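*Asks:* If you read the protein sequences in the order shown, they are chains F and Z. Those letters in the first sequence? Residues 525 to 828, by the numbering used here. Those letters in the second sequence? Residues 525 to 828, by the numbering used here. Here's a structure for you.
There are 2 protein chains.
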Amino acid sequence: MDGGTLRGVFAPTLTPVDEGLRIDAARWIEHCRTLLANGCNGLCPFGTTSEATSFSVDERIDALEQLTAAGVPAAKLMPGTGCSALTDTVRLTRHAVDLGCGGVLMLPPFYYKDVNDEGIYRSIAEVIERVGDARLRVYLYHIPPQAVICFSLDLIERLITDYPGVVVGLKDSSGDWNNLHSILTRFPGFGTFTGSEAFLLQTLRLGGAGSINAVANVIAPIQQRLFEDWEAPQAEELQATINQVRPIYQGLSAITALKAIVAHYHNDPEWARVRPPLVELDAAATQAVVDRFAKLPVAAEIAI
Amino acid sequence: MDGGTLRGVFAPTLTPVDEGLRIDAARWIEHCRTLLANGCNGLCPFGTTSEATSFSVDERIDALEQLTAAGVPAAKLMPGTGCSALTDTVRLTRHAVDLGCGGVLMLPPFYYKDVNDEGIYRSIAEVIERVGDARLRVYLYHIPPQAVICFSLDLIERLITDYPGVVVGLKDSSGDWNNLHSILTRFPGFGTFTGSEAFLLQTLRLGGAGSINAVANVIAPIQQRLFEDWEAPQAEELQATINQVRPIYQGLSAITALKAIVAHYHNDPEWARVRPPLVELDAAATQAVVDRFAKLPVAAEIAI
């Protein structure tokens with residue numbers, strides 16, 4: 525099976541915004557470069573952690589062009605392109621292909637909740653047919669907690685069968701090991717990424733492609749070591765260290781918590797800003813998150 | 525309280541699409557005109573029943589311009605303008621105001637599910653501030669089954685208080701009479717529309733503005749009689765007759781079922797087409813829905 529060429533640790537990059545809530549391209553490009561220089565094999569601009577769906581198609585296209593124009597290699601990018609409107613998904617996907625992106629991360633249309641596999645199949649198939657480009661590599665984005673709409677195992681199989689070499693992978697952000705395990709074992713060689721960093725080692729052991737998850741915005745280096753040394757004796761310990769991060773923002777939005785951490789280490793309060801409907805952490809929550817993060821072993825090697 | 529000027533029976537208009545899945549403006553405009561001539565006081569183009577979120581901002585703007593250019597009075601329109609991206613909502617809302625629309629029906633941003641009232645408040649407030657036009661009239665769109673994100677009673681109160689004369693009404697598509705009852709009694713004079721046709725009479729008795737619901741695409745005349753005669757002895761009977769429609773497509777999508785009915789009565793199969801992720805009814809389901817509808821008393825007065 526063609527599982528695509530993208531492998532390793534990917535960050536769904538945080539998207540800094542300026543006082544007008546516009547994408548702050550300068551801070552964003554710097555963050556992307558830093559991640560690629562420090563542990564990330566590639567990036568997913570405009571994933572869920574990037575507040576992707578809070579920006580218009582034009583804003584996303586414009587930002588991505590600035591990113592590649594600044595020298596970030598498009599081949600290392602897997603931008604999110606799935607929207608609720610078919611025509612928006614087509615436009616973003618075509619643009620990513622034309623830029624030379626290594627793949628696209630495709631949400632299913634996420635407004636209507638009473639849709640079936642046939643409808644989701646038609647949505648993805650229609651995008652692939654309309655883009656009609658042999659360079660297209662689609663990674664399905666399974667994230668029930670936000671999209672609600674799911675990629676079932678049968679639907680994944682149908683898409684792989686009908687679009688071999690195009691539908692090459694998937695990101696599983698269900699947080700459900702049983703689901704991820706089923707995908708990894710039923711579709712060997714498929715480019716399966718875990719959306720939960722806690723499953724990185726198990727994913728690699730079962731032949732998965734890597735991880736795409738929020739904490740890579742701040743702890744990519746240790747994730748990279750695990751990706752490289754997953755067969756080494758220290759792998760379990762690396763995984764355990766990685767697992768310490770998420771509990772520090774338990775009950776809070778990962779996006780706002782991670783932006784607060786980046787803002788702290790850059791000594792740059794601007795970085796904490798989010799676009800509505802998200803809300804920044806208040807001062808007390810920020811302090812608590814930052815304090816808890818600082819006590820972790822990974823804090824010593826933060827490279828942002 | 526300023527409850528806006530829009531009152532009565534509104535149809536969230538079905539959106540016919542051509543073989544290229546583009547909005548079929550000719551069929552759409554004809555349908556809109558027919559509805560206004562036969563029982564509808566106004567229309568909500570690009571509501572949930574309209575497959576609104578399946579079309580891009582550009583497609584929606586272009587269609588709305590064609591509709592008003594064709595002579596449909598903008599003052600009778602309350603187009604849906606709420607998107608997941610703040611900037612998209614601003615653009616659609618500003619466009620609707622510039623066209624002279626009587627109001628806009630505003631979904632909350634619907635991708636992120638772990639948001640709070642403060643975040644939804646900021647989203648709506650930011651749109652109002654950015655549009656910055658005294659002509660703007662916002663109807664909040666509460667539809668938990670699809671958007672998941674809700675307008676709580678406290679959030680509604682905060683928006684009414686901070687934007688008097690701008691936030692003038694709401695459509696409640698919760699399907700929950702207790703919620704609608706709470707809104708009607710807590711905010712007298714507010715422009716509250718029921719999204720469930722079954723609550724039309726109760727809504728009018730409690731001073732609500734009217735109804736915005738899918739079945740108005742095919743049975744607006746009897747809904748109009750109820751709106752006019754809600755204090756008359758036959759009101760309960762009219763309501764009971766209206767209530768017979770929804771069960772005929774129980775377990776199916778209202779959108780595909782209603783498009784199938786319109787296609788049947790126009791003898792125009794093109795009308796049944798939907799944009800993915802929706803899927804047309806198959807032949808057997810279509811026949812069953814059409815047969816059940818034909819047996820209803822309201823079928824005799826269908827005007828489409």
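We treat Cβ as the ideally placed atom computed from N, Cα and C, and that holds for glycine. Since we're looking at a predicted model, the values are computed, not measured.
1) So which residues on chain Z does aspartate 548/F lean against when the C-beta distance must stay under 8 Å?
2) Compare the C-alpha of phenylalanine 675/F against each of Asp657/F, Phe634/F, Ile766/F and name the closest.
3) Can you tell which of Val533/F, Met525/F, Asp526/F has its C-alpha closest to the C-alpha of serine 720/F?
4) Taking just the CA atoms, how far does threonine 558/F sit from alanine 599/F?
5) With a threshold of 8 Å, are at least 3 pairs of Cβ atoms found where one atom belongs to the stretch 781-788 of chain Z and the other to the stretch 800-819 of chain Z?
6) For valine 621/F, report the span of its alpha helix (DSSP H) as first-last.
7) What residue does the alpha helix (DSSP H) around valine 651/Z start on, and which one ends it?
8) Output yes if chain F places a C-beta closer than 7 Å to the C-beta of isoleucine 736/Z; else output no.
9) Does DSSP put tyrosine 663/F in a helix, a strand or coil?
10) Run down chain Z in chain order and give the residues with a C-beta less than 7 Å from the C-beta of lysine 637/F.
11) Cα-Cα, which of Pro569/Z, Cys564/Z, Ser580/Z is closest to threonine 611/Z?
12) I need the DSSP call for alanine 535/Z, collapsed to helix, strand or coil.
13) For the stretch 640-666 of chain F, list every residue whose C-beta sits within 7 Å of some C-beta in chain Z, in sequence order.
14) Counting C-beta neighbours from all protein chains within 10 Å, is the total for lysine 695/F 16 or more, i.e. buried, or is it exposed?
15) Look at the Cβ atom of proline 801/F, then the Cβ atom of tyrosine 773/Z, and state whether they are nearer than 7 Å.
16) Taking Cβ-Cβ distances shorter than 8 Å, what residues in chain Z pair up with valine 803/F?
17) What residues are listed by DSSP as bridge partners for aspartate 696/Z?
18) Of the residues Val662/Z, Asp638/Z, Ala593/Z, Leu601/Z, which one's Cα is nearest the Cα of tyrosine 687/Z?
19) Checking contacts by CB at 7 Å: is proline 633/Z closer than that to chain F?
20) Between the Cα of threonine 765/Z and the Cα atoms of Arg729/Z, Asn791/Z, Ala823/Z, Thr709/Z, which residue gives the shortest distance?
21) Within the present structure, is the beta-carbon of threonine 765/Z separated from the nearest heavy atom of the ligand GDP by less than 6 Å?
22) For a contact meaning CB atoms closer than 7 Å, what does glutamate 583/F contact in chain Z?
23) Just mark aspartate 548/F as buried or exposed, buried being the case when its beta carbon has 16 or more other beta carbons within 10 Å.
24) So with Cβ pairs under 7 Å, would you call proline 771/Z a contact of chain F?
25) Out of curiosity, what's the CA-to-CA distance linking serine 698/F and isoleucine 667/F?
26) Quick one: measure Cβ to Cβ for serine 574/F and glycine 604/F, integer angstroms, because I've assumed they're closer than 8 Å.
27) Determine the direct distance from the alpha carbon of isoleucine 673/Z to that of alanine 756/Z, and round the result to whole angstroms.
28) Should glutamine 758/F go down as buried or exposed, given a rule of 16 or more other Cβ atoms within 10 Å for buried?
29) Could you tell me which of Asn702/Z, His705/Z, Ile680/Z sits nearest to tyrosine 665/Z, measuring between CA atoms?
30) Does any CB atom of chain A fall closer than 7 Å to the CB of serine 580/F?
31) Would you list, in sequence order, the uninterrupted alpha helix (DSSP H) runs of no fewer than 4 residues that lie entirely inside the stretch 534-592 of chain Z?
32) State the start and end residues of the unbroken alpha helix (DSSP H) segment that holds valine 813/F.
33) Nearest by alpha-carbon distance to valine 621/Z: which of Asp641/Z, Ile652/Z, Tyr645/Z, Val639/Z is it?
34) Taking the continuous alpha helix (DSSP H) assigned at valine 786/Z, which residues delimit it?
*Replies:* Looking at the atomic coordinates:
1) Below the 8 Å Cβ cutoff, chain Z contributes no neighbours of aspartate 548/F, its closest Cβ being approximately 15 Å away.
2) Between phenylalanine 675/F and the set Asp657/F, Phe634/F, Ile766/F, the nearest pair of CA atoms involves Phe634/F.
3) It is Val533/F.
4) So the two alpha carbons sit approximately 17 Å from each other.
5) Enough Cβ pairs lie closer than 8 Å, so yes.
6) Its alpha helix (DSSP H) spans residues 610-623.
7) Here the alpha helix (DSSP H) through valine 651/Z covers 641-655.
8) Closer than 7 Å: no.
9) Under the three-state reduction of DSSP, tyrosine 663/F is assigned to strand.
10) The contacting residues are Pro669, Gln670.
11) The alpha carbon of threonine 611/Z has as its nearest neighbour, out of Pro569/Z, Cys564/Z, Ser580/Z, the alpha carbon of Ser580/Z.
12) DSSP, read as helix, strand or coil, puts alanine 535/Z in strand.
13) For the stretch 640-666 of chain F, which is checked against every Cβ of chain Z, the residues closer than 7 Å are Asn640, Glu642, Gly643, Ile644, Arg646, Ser647, Glu650.
14) Under the 10 Å beta carbon count, lysine 695/F is surrounded by 16 or more other beta carbons and is classified as buried.
15) Cβ distance not < 7 Å, so proline 801/F and tyrosine 773/Z don't count as in contact.
16) Ordered by position in chain Z, the residues that pass the 8 Å Cβ test against valine 803/F are Val639, Asn640, Glu642, Gly643, Arg646.
17) Beta-bridge pairing links aspartate 696/Z to His666/Z, Thr718/Z.
18) Of the candidates Val662/Z, Asp638/Z, Ala593/Z, Leu601/Z, the one whose C-alpha sits nearest the C-alpha of tyrosine 687/Z is Val662/Z.
19) Chain F, which has a Cβ nearer than 7 Å to the Cβ of proline 633/Z, makes this yes.
20) Looking at the Cα atoms, Ala823/Z is the closest of the given residues.
21) Among the components modelled here there is no ligand, and therefore nothing to report on the ligand GDP.
22) Under the 7 Å cutoff, chain Z gives Thr611.
23) Buried: at least 16 other Cβ atoms inside 10 Å.
24) The C-beta of proline 771/Z comes no closer than 7 Å to any C-beta of chain F.
25) C-alpha separation (whole angstroms): 5 Å.
26) About 7 Å separates the two Cβ atoms, so the contact holds.
27) As the crow flies, the alpha-carbon of alanine 756/Z is around 38 Å from that of isoleucine 673/Z.
28) Its Cβ having fewer than 16 others within 10 Å, glutamine 758/F is exposed.
29) Comparing Cα positions, the closest option is Ile680/Z.
30) Judged by its chain identifiers, the structure shown contains no chain A, and its protein chains are F and Z.
31) Segments of the alpha helix (DSSP H) lying fully in the stretch 534-592 of chain Z: 549-561.
32) From DSSP, the alpha helix (DSSP H) with valine 813/F extends over 807-818.
33) Looking at the Cα atoms, Ile652/Z is the closest of the given residues.
34) 778-790 is the extent of the alpha helix (DSSP H) around valine 786/Z.
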